[in-house]
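Engineer: Dropping the structure in here first, questions after.
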Amino acid sequence: MQNDFFVVEIGSFNQYKYAWFETTDSANYSNEAPQCPTCSRYIGPLEWLPPYDVVIKQPRTVGDFVSGVGGCDFLASSKLLSAIEESRLSGIAYKYPITVRKMGTTKTSIQRIPPTLTGIKFVRSKTRVNFDKMGVVWSKVPSDDSCKLCGPNGTLKFWTSVAIDQKTWSGDDFFHAINFPGALFASARAAAMIVSGEFSNVRIVPCEQSSYSFSA
Ligand SMILES: [Zn+2]
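Numbering (my numbering), first residue to last: 1 to 216.
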């Protein structure tokens with residue numbers, strides 16, 4: 001059976017309307033990052049260790065999805081967290097209990113009461129994208145001996161769509177693809193849950209409509 005997949009886009013399309021987060025100077029990370037089981041190449045960031053402290057930037061409107069730099073994939077509002085938990089969808093690798101240390105920088109913003117937020121990390125699955133179906137242009141063309149699991153290991157310039165290789169799908173509802181680690185993916189069930197919840201600061205884009213270009 002053919003499944004549809006979706007890209008979960010958070011924040012960047014409307015950076016100034018909704019808040020985003022940064023980790024603080026006291027952030028700790030482990031020495032270990034996830035590695036490809038075939039070639040041992042690093043396929044994800046270092047593990048975030050306590051304290052899970054963040055600073056909320058531009059805090060006037062904190063969306064249900066909060067994008068950020070470092071730490072985890074995104075922060076979830078309590079409404080979103082409840083929906084994820086009630087849905088029993090798979091693919092949430094870790095939930096971080098977040099402490100908001102600071103709300104913005106102005107006199108009014110720092111007096112705002114921080115919302116309850118939970119950091120979310122999606123699983124790093126062995127699911128692969130199929131670059132042959134993505135209209136990819138490489139700025140560095142991958143070599144022929146690239147890893148069969150996490151490769152091909154070139155540098156992308158742009159792609160016109162995203163295609164999950166159906167036969168490699170791990171079955172997770174939320175996941176990172178091993179050879180396309182930056183994107184957050186959702187199964188059709190997970191996408192439906194997000195759309196029906198009417199959560200703010202997120203866009204659910206069908207993979208075939210998700211394109212991207214790195215500016216030179
Ligand atoms: Zn590999």
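We treat Cβ as the ideally placed atom computed from N, Cα and C, and that holds for glycine. Note that the coordinates shown come from a computational prediction; the quantities given were computed from them, not determined experimentally.
Please indicate yes or no: does the CB of W23 lie closer than 8 Å to some heavy atom of ligand 1?
Structural biologist: Start at 1 with the first residue of the sequence shown, and residue 23 comes out as number 23. Checking the sequence, you will find Thr at residue 23 rather than Trp. Checking the Cβ of T23 against ligand 1 gives no.
Engineer: Name the residue from D25, D173, W20 whose alpha carbon lies nearest to the alpha carbon of P114.
Structural biologist: As a position in the sequence shown, residue 114 is number 114, starting the count at 1. When each option's Cα is compared against that of P114, the closest is W20.
Engineer: From the DSSP secondary-structure annotation, give me the bridge partner or partners of T118.
Structural biologist: For the purposes of this step, residue 118 is identified with residue 118 of the sequence shown, where counting begins at 1. Paired residue(s): A76, P97.
Engineer: Which residue wins for smallest C-alpha separation from G151, given the options I178, N28, S87, S187?
Structural biologist: Here residue 151 is taken as the residue at index 151 of the sequence shown, counted from 1. Comparing Cα-Cα distances from G151 to each of I178, N28, S87, S187, the minimum goes to I178.
Engineer: Do the region 152-165 and the region 106-121 touch if we need at least three Cβ pairs shorter than 8 Å?
Structural biologist: Taking 8 Å as the limit for Cβ pairs, the verdict is that the region 106-121 does not touch the region 152-165.
Engineer: Please state if the CB of I56 and the CB of M103 are separated by a distance shorter than 9 Å.
Structural biologist: Along the sequence shown, one-based indexing puts residue 103 at 103. Along the sequence shown, one-based indexing puts residue 56 at 56. In contact: M103 and I56 (Cβ atoms closer than 9 Å).
Engineer: Compute the minimum distance between the beta carbon of T155 and the heavy atoms of ligand 1, and state whether it is under 8 Å.
Structural biologist: Reading the sequence shown from its first residue, position 155 is the one you call residue 155. T155: no, Cβ never under 8 Å from ligand 1.
Engineer: Considering only the alpha carbon of each residue, which of S211, Y212, G182, F214 lies closest to P45?
Structural biologist: Reading the sequence shown from its first residue, position 45 is the one you call residue 45. Ranking the options by Cα distance to P45, first place goes to G182.
Engineer: Could you tell me the distance, in whole angstroms, from the CA atom of G258 to the CA atom of K167?
Structural biologist: Nothing about residue 258 can be reported from this structure: the residues present for the chain run from 1 to 216 only.
Engineer: Just to confirm my understanding: we take V205, look at its own chain, exclude 5 residues before and 5 after, and list those with CB closer than 7 Å. What are they?
Structural biologist: Taking the sequence shown and counting its residues from 1, one reaches residue 205 at position 205. Around V205: F6, V7, E9.
Engineer: Taking just the CA atoms, how far does F199 sit from S187?
Structural biologist: Position 187 of the sequence shown, counting from 1, holds the residue named residue 187. Position 199 of the sequence shown, counting from 1, holds the residue named residue 199. Approximately 17 Å between the Cα atoms of the pair.
Engineer: Return the CA-CA distance between W48 and S196, expressed in angstroms with no decimal places.
Structural biologist: The residue labelled residue 48 in the question sits at position 48 within the sequence shown. The residue labelled residue 196 in the question sits at position 196 within the sequence shown. Spanning the two alpha carbons is a distance of roughly 31 Å.
Engineer: Roughly how many angstroms lie between the CA atoms of G11 and P50, to the nearest whole one?
Structural biologist: Your numbering for residue 11 matches position 11 in the sequence shown. Your numbering for residue 50 matches position 50 in the sequence shown. Distance between the alpha carbons of G11 and P50: 25 Å.
Engineer: Assuming I10 is part of the beta strand (DSSP E), what are its boundary residues?
Structural biologist: By 1-based counting over the sequence shown, the position of residue 10 is 10. Its beta strand (DSSP E) spans residues 5-10.
Engineer: Tell whether a beta-carbon distance below 9 Å holds between F175 and V129.
Structural biologist: Looking up residue 175 in the sequence shown gives position 175. Looking up residue 129 in the sequence shown gives position 129. No. Outside cutoff.
Engineer: Is the CB-CB distance between D64 and L89 below 9 Å?
Structural biologist: In the sequence shown, counting from the first residue as 1, residue 64 sits at position 64. In the sequence shown, counting from the first residue as 1, residue 89 sits at position 89. For D64 and L89, no; Cβs fall outside 9 Å.
Engineer: Ordered along the chain, which non-local residues of its own chain (more than five positions away) have a Cβ less than 7 Å from that of C147?
Structural biologist: Position 147 of the sequence shown, counted from the first residue, corresponds to residue 147. Once the five neighbours on either side are set aside, the close Cβ partners of C147 are C36, T38, C39, R41, N153.
Engineer: Would L117 pass as a contact of I92 if the rule is Cβ separation under 9 Å?
Structural biologist: Counted from its first residue, the sequence shown places residue 117 at position 117. Counted from its first residue, the sequence shown places residue 92 at position 92. Not closer than 9 Å, so no.
Engineer: For A27 and M193, which I take to be in contact (beta-carbon distance under 8 Å), what is that distance rounded to the nearest angstrom?
Structural biologist: What you label residue 27 is simply residue 27 of the sequence shown in a count that begins at 1. What you label residue 193 is simply residue 193 of the sequence shown in a count that begins at 1. With 8 Å as the limit, A27 and M193 do not qualify as a contact, their Cβ atoms being about 30 Å apart.
Engineer: Report yes if the C-beta of T168 is less than 8 Å from at least one heavy atom of ligand 1; otherwise report no.
Structural biologist: Translated into the one-based positions of the sequence shown, residue 168 becomes position 168. False, no ligand heavy atom lies under 8 Å from that Cβ.
Engineer: Fully enclosed by the region 108-157, which beta strand (DSSP E) runs are 3 residues long or longer?
Structural biologist: If we require 3 residues or more, the beta strand (DSSP E) runs fully inside the region 108-157 come out as 117-124, 137-140.
Engineer: Tell me whether G151 counts as near ligand 1, meaning its Cβ is closer than 8 Å to at least one heavy atom of that ligand.
Structural biologist: For this step, residue 151 is matched to residue 151 along the sequence shown. Yes; taking the cut-off as 8 Å, the Cβ of G151 has a heavy atom of ligand 1 nearer than that.
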